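Colleague: One structure, as structure tokens, below. Some questions next.
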């Protein structure tokens, strides 16, 4: 039963998370809770009109899964095998911005009066909707409804529908739709669960343009040499004349729409947003791809994107929904967790799921072994194609794992504790590299995938390389110790709990290594009989 002695943060409802009042004190937390993402793009639940509250009560973040900058890891005194290069997922240009002005007064929840406020995360339909009734400092009352979607069908697309209606006045209205590339990561916190190691601005704007209702920018990293394009297009839904003007900023673009608004009449600005990166596409084609994406979305319309989102989630929940009777808190909680897993996970075999998903920058957007042990099984029984992509991600990092093993003087492959694109990014060797069990954790995920799907083609074409290379590593790492009765021992390792680092014969590590070696032996024998030509490779 739900705990009746403690007031819930949000009302217990089956399919929604509902914020019933705005508060500076809870704003930062709610920005995280109301994040929308699709495994590729992640947008924190910050306000479209921006936020003017005190420092450290908000952080505006937009992320692209796997898009990172590199930095040197500096030690007071270096050592053999220490990781040298870090990777940090970047906060990219903010494209959510839609500012609203009423006869020159800016719509701002920290100015004037909030007469009504509600924000809803709808986990069945896949959107966040905010409704506000607001009175300006001079007494003008308006109703605002904003709906945001990060498309689960179109991974490069997000869309916002911003509707306003004057309640007690007729006057001049201005929408300002913008891209702001003057962004940086959190760097004023030493807590790795919150901030990052990057200092200052690391993205440089190398191209930008704005014309009519459309605009775009291209930015590039300083060291990893990645670039991305962000494009926007806007559609005004109103039976009235309007004027459009533009502004080209140092690190962004603005589209300005002015109109005369009538009392009691609704005016809607629909905004379509797209991101493409050079990690996946030719740098010279990024702008064209982003523009093509938003052009198609604009032609299809916001309502079509809404419908697609709901259909995608209907299919997802048909297989994934967990029904808990008699406990509304748990029912809401399990659906919220599943929804965020779906939002956060990479589905392309090149990305994984970061420790904080796409809600923020904690642990620098790194992927951990937790995704193999705890998260992959969820998708295995709900969306097995995503489980396959997570295992494929590990295959795509196999060469980096081989290089890491060689660097440490071992055979086979050694997978990292923390990474985005392959190399070990943890500066703490005892709890990082020494967690050799990660090799077996990855094999365990592979084994579970094959057992559940019987996808032996994947095993023989890709998975077996992971399996055999990790087995080679265990054989090389361990030794038959005379003082232990010539038993095979694996010494100086760190187990998954990290409480005691660098111990001999950690139980979890030994059991998992045994599984890894036995599975490799079994599959090698099967391949010799069933696919000898692949085994020879």
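Residue numbers (the working numbering): 3 to 539.
C-beta atoms are modelled at their ideal positions from N, C-alpha and C, and glycine is treated no differently.
Bear in mind that the values here come from a model prediction, so they are computed numbers and not experimental data.
#1: Need the endpoints of the alpha helix (DSSP H) that residue 405 sits in, please.
#2: Buried or exposed: residue 540, going by 16 or more other Cβ atoms within 10 Å of its Cβ?
#3: Using the DSSP secondary-structure output, state which residues sit across from residue 144 in a beta bridge.
#4: Could you tell me how far apart the beta carbons of residue 431 and residue 83 are, in whole angstroms, since I believe they sit closer than 8 Å?
#5: Please look up how many angstroms separate the CB atoms of residue 61 and residue 33, rounded, as I've assumed it's under 8 Å.
#6: Please state the DSSP three-state secondary structure of residue 158.
#7: Enumerate in chain order the residues of its own chain whose CB-to-CB distance from residue 330 is below 8 Å, with the five nearest sequence positions on each side excluded.
#8: Here's the rule: buried if 16 or more other CB atoms are within 10 angstroms of the residue's CB, otherwise exposed. What is residue 484?
#9: Any idea what DSSP makes of residue 223, helix, strand or coil?
#10: Determine the direct distance from the alpha carbon of residue 472 to that of residue 522, and round the result to whole angstroms.
#11: What is the DSSP secondary structure of residue 472, reduced to helix, strand or coil?
#12: Rounded to whole angstroms, what is the Cα-Cα separation between residue 119 and residue 170?
#13: For a test of the three-state rule: what should DSSP assign to residue 423, helix, strand or coil?
#14: Determine whether the beta carbon atoms of residue 446 and residue 460 lie at a separation below 9 Å.
#15: Counting contacts by CB-CB distance shorter than 9 Å, is residue 474 in contact with chain C?
#16: Can you tell me whether residue 454 is buried or exposed, with buried defined as 16 or more other CB within 10 angstroms of its CB?
#17: Out of 148, 24, 230, point me to the one whose CA is closest to residue 66's CA.
#18: Any idea what DSSP makes of residue 82, helix, strand or coil?
#19: Enumerate in chain order the residues of its own chain whose CB-to-CB distance from residue 410 is below 6 Å, with the five nearest sequence positions on each side excluded.
#20: Enumerate in chain order the residues of its own chain whose CB-to-CB distance from residue 386 is below 6 Å, with the five nearest sequence positions on each side excluded.
#21: Would you call the stretch 243-262 and the stretch 284-300 in contact, with 3 or more CB pairs under 8 Å?
#22: Exposed or buried, what is residue 50 when buried is set at 16 or more other beta-carbons lying within 10 Å of its beta-carbon?
Modeller: This is what the structure gives:
#1: From DSSP, the alpha helix (DSSP H) with residue 405 extends over 400-409.
#2: Limits of the chain in this structure are 3 at one end and 539 at the other, which puts residue 540 out of reach.
#3: 136, 168
#4: 7 Å
#5: 7 Å
#6: coil
#7: 4, 14, 15, 16
#8: exposed
#9: coil
#10: 9 Å
#11: helix
#12: 18 Å
#13: coil
#14: no
#15: The chain inventory of the structure shown lacks chain C, comprising one protein chain alone.
#16: exposed
#17: 230
#18: coil
#19: 83
#20: 455
#21: no
#22: buried
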